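**Student:** This is the structure, below, for whatever I ask next.
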Amino acid sequence: MSAIDGLPPLRVVIAEHGLSARKSLGQNFLLDLNLTSKIARQAGDLSGCDVLEIGPGPGGLTRGLLAEGARKVLAIEKDARCLPALAEIAAAYRGRLEVVEGDALQVDPLQHLTPPIRIAANLPYNVGTELLVRWLTPRDWPPFWQSLTLMFQREVAERIVAAPGSKAYGRLALLAQWRADARIAMSLPPEAFTPAPKVSSAVVHLTALPAPRYPADPKVLEHVVARAFNQRRKMLRAALKGVAPDIEDRLLAAGIKPTDRAEQVPLEAFCALARAVAEG
Ligand code: SAM
Numbered sequence: 001m002s003a004i005d006g007l008p009p010l011r012v013v014i015a016e017h018g019l020s021a022r023k024s025l026g027q028n029f030l031l032d033l034n035l036t037s038k039i040a041r042q043a044g045d046l047s048g049c050d051v052l053e054i055g056p057g058p059g060g061l062t063r064g065l066l067a068e069g070a071r072k073v074l075a076i077e078k079d080a081r082c083l084p085a086l087a088e089i090a091a092a093y094r095g096r097l098e099v100v101e102g103d104a105l106q107v108d109p110l111q112h113l114t115p116p117i118r119i120a121a122n123l124p125y126n127v128g129t130e131l132l133v134r135w136l137t138p139r140d141w142p143p144f145w146q147s148l149t150l151m152f153q154r155e156v157a158e159r160i161v162a163a164p165g166s167k168a169y170g171r172l173a174l175l176a177q178w179r180a181d182a183r184i185a186m187s188l189p190p191e192a193f194t195p196a197p198k199v200s201s202a203v204v205h206l207t208a209l210p211a212p213r214y215p216a217d218p219k220v221l222e223h224v225v226a227r228a229f230n231q232r233r234k235m236l237r238a239a240l241k242g243v244a245p246d247i248e249d250r251l252l253a254a255g256i257k258p259t260d261r262a263e264q265v266p267l268e269a270f271c272a273l274a275r276a277v278a279e280g
């Protein structure tokens with residue numbers, strides 16, 4: 001019996017259901033329920049919130065989220081082998097856990113959730129960045145979620161919170177920081193997972209801002225940022241050639257030196273550039 005919920009320890013669950021980890025599904029499981037409760041606590045006050053979890057696996061984080069008081073957890077899992085283990089959790093937490101078998105990139109979670117909604121996940125590495133970019137680039141802002149509490153490889157976490165002038169600074173930092181507060185909430189060594197991955201991990205916590213930090217058209221900003229960092233070693237006047245016929249003037253109008261490189265340009269200036277490009 002485990003301390004947090006009276007269900008069996010995760011090692012027992014994994015042995016009983018034959019859940020040998022599959023690399024192709026990005027399966028590195030968290031088996032320490034004290035740790036999964038700690039991660040769940042990073043998501044903030046869960047009482048009165050629905051929580052979307054991607055990739056519950058054997059359910060360690062799921063149990064943490066439920067034990068920490070989530071009103072409801074919607075867990076989307078691609079690996080059908082995990083479903084019986086998750087059904088046991090659903091039975092213990094009557095009516096508070098809904099499991100959907102499927103690919104998180106295909107399932108529309110909004111049909112199953114009621115606001116306020118938080119997202120928490122130990123993400124499969126192969127789809128983690130794609131999901132994050134989707135959550136950060138909805139058509140309308142504020143998004144359907146209040147906060148994201150997500151496990152990433154340390155290197156990806158650093159790209160999300162990076163400041164200008166650092167190697168990690170790029171599209172992910174700008175997308176994340178334009179409309180959310182982003183910080184690294186926890187660091188985890190490889191040994192925290194079974195099996196242990198090659199690299200360290202970190203939990204990133206993002207809180208959606210009510211409105212973007214600086215005004216800009218999302219499509220134009222995304223385009224300018226993508227172009228600027230596609231050739232991050234080039235001066236911006238070269239990297240952004242063709243974005244506007246008079247790109248040097250637009251850069252100057254935004255207060256950016258055309259000889260600067262993308263890595264040096266802060267978010268506020270990128271937003272000014274997006275506005276200068278849109279005006280043309
Ligand atoms: N949450 C569990 C934990 O912390 O122990 C498992 C985390 S493991 C890193 C990633 C999980 O995501 C696995 O259970 C895997 O089967 C699942 N998964 C992989 N790709 C998926 C996808 N496209 N959609 C939904 N789940 C996926």
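Residue numbers (my numbering): 1 to 280. Yeah, the Cβ is synthetic: ideal placement off N, Cα and C, and Gly gets one too. Computed from a predicted model, the values in this text were never measured in an experiment.
Decide if V199 is buried, meaning its Cβ has at least 16 other Cβ atoms within 10 Å, or exposed.
**Tutor:** The residue in question, V199, is exposed, as its Cβ has fewer than 16 Cβ neighbours within 10 Å.
**Student:** Given a threshold of 16 other Cβ atoms within 10 Å of its Cβ, counted over all protein chains shown, does R63 qualify as buried or as exposed?
**Tutor:** That one is buried.
**Student:** Mapping the DSSP letters down to three states, classify F144 as helix, strand or coil.
**Tutor:** F144: coil per DSSP, three-state reduction.
**Student:** Candidates L175, A278, L46 and K234: which alpha carbon is nearest E149's?
**Tutor:** Here residue 149 is Thr; the residue named in the question, Glu, does not match the sequence. For T149, the nearest C-alpha among the options comes from L46.
**Student:** Kindly examine the ligand SAM and report whether one of its heavy atoms sits closer than 6 Å to the Cβ of V99.
**Tutor:** Every heavy atom of the ligand SAM is 6 Å or more from the Cβ of V99, so no.
**Student:** Look at the alpha carbon of L252 and the alpha carbon of P258, and state the distance between them as a whole number of angstroms.
**Tutor:** Their Cα atoms are separated by approximately 7 Å.
**Student:** Quick one: does the C-beta of G95 sit closer than 6 Å to a heavy atom of the ligand SAM?
**Tutor:** Checking every heavy atom of the ligand SAM against the Cβ of G95, none is found closer than 6 Å.
**Student:** Using only alpha-carbon positions, find the residue among L131, K72 and N34 that is nearest to A297.
**Tutor:** A question about residue 297 goes unanswered here, because the residues of the chain that appear run from 1 up to 280.
**Student:** Using the Cα positions of E101 and P215, report the straight-line distance between them to the nearest angstrom.
**Tutor:** Taking the straight line from one Cα to the other gives about 39 Å.
**Student:** Using 8 Å as the cut-off, can you tell me whether the segment 224-242 makes contact with the segment 263-271, which would need three or more C-beta pairs spanning the two stretches below that distance?
**Tutor:** Output reads yes: the segment 263-271 touches the segment 224-242.
**Student:** Which residue's Cα is closest to the Cα of E279: A120, W141 and L221?
**Tutor:** Looking at the Cα atoms, L221 is the closest of the given residues.
**Student:** Take P210 and list the residues in its own chain whose beta-carbon comes closer than 8 Å to its own, dropping the five residues that flank it on each side.
**Tutor:** Closer than 8 Å at Cβ, skipping near neighbours: P142.
**Student:** If we count Cβ pairs, one from each stretch, closer than 8 Å, do we get three or more for the segment 47-66 versus the segment 88-97?
**Tutor:** These segments touch.
**Student:** To test your reading of the DSSP string, which unbroken alpha helix (DSSP H) runs of 4 or more residues are found completely within the segment 241-274?
**Tutor:** If we require 4 residues or more, the alpha helix (DSSP H) runs fully inside the segment 241-274 come out as 247-253.
**Student:** Does the beta-carbon distance from L273 to V225 come in below 7 Å?
**Tutor:** Cβ atoms of L273 and V225: not closer than 7 Å.
**Student:** For the segment 5-16 against the segment 121-140, do three or more pairs of beta-carbon atoms, one drawn from each stretch, fall closer than 8 Å, so that the two count as touching?
**Tutor:** No, they do not touch.
**Student:** Considering I160, what are the terminal residues of the alpha helix (DSSP H) in which it resides?
**Tutor:** Its alpha helix (DSSP H) spans residues R154 to V161.
**Student:** Taking 6 Å as the line, does the beta carbon of V127 fall inside it for any heavy atom of the ligand SAM?
**Tutor:** Answer for V127: yes, Cβ within range of the ligand SAM.
**Student:** Would you mind sorting R134 into buried or exposed? The rule is 16 or more other CB atoms within 10 Å of its CB.
**Tutor:** Exposed: under 16 other Cβ atoms inside 10 Å.
**Student:** With three or more C-beta pairs closer than 8 Å as the rule, is the segment 180-190 touching the segment 76-95?
**Tutor:** At 8 Å Cβ cutoff, the stretches do not touch.
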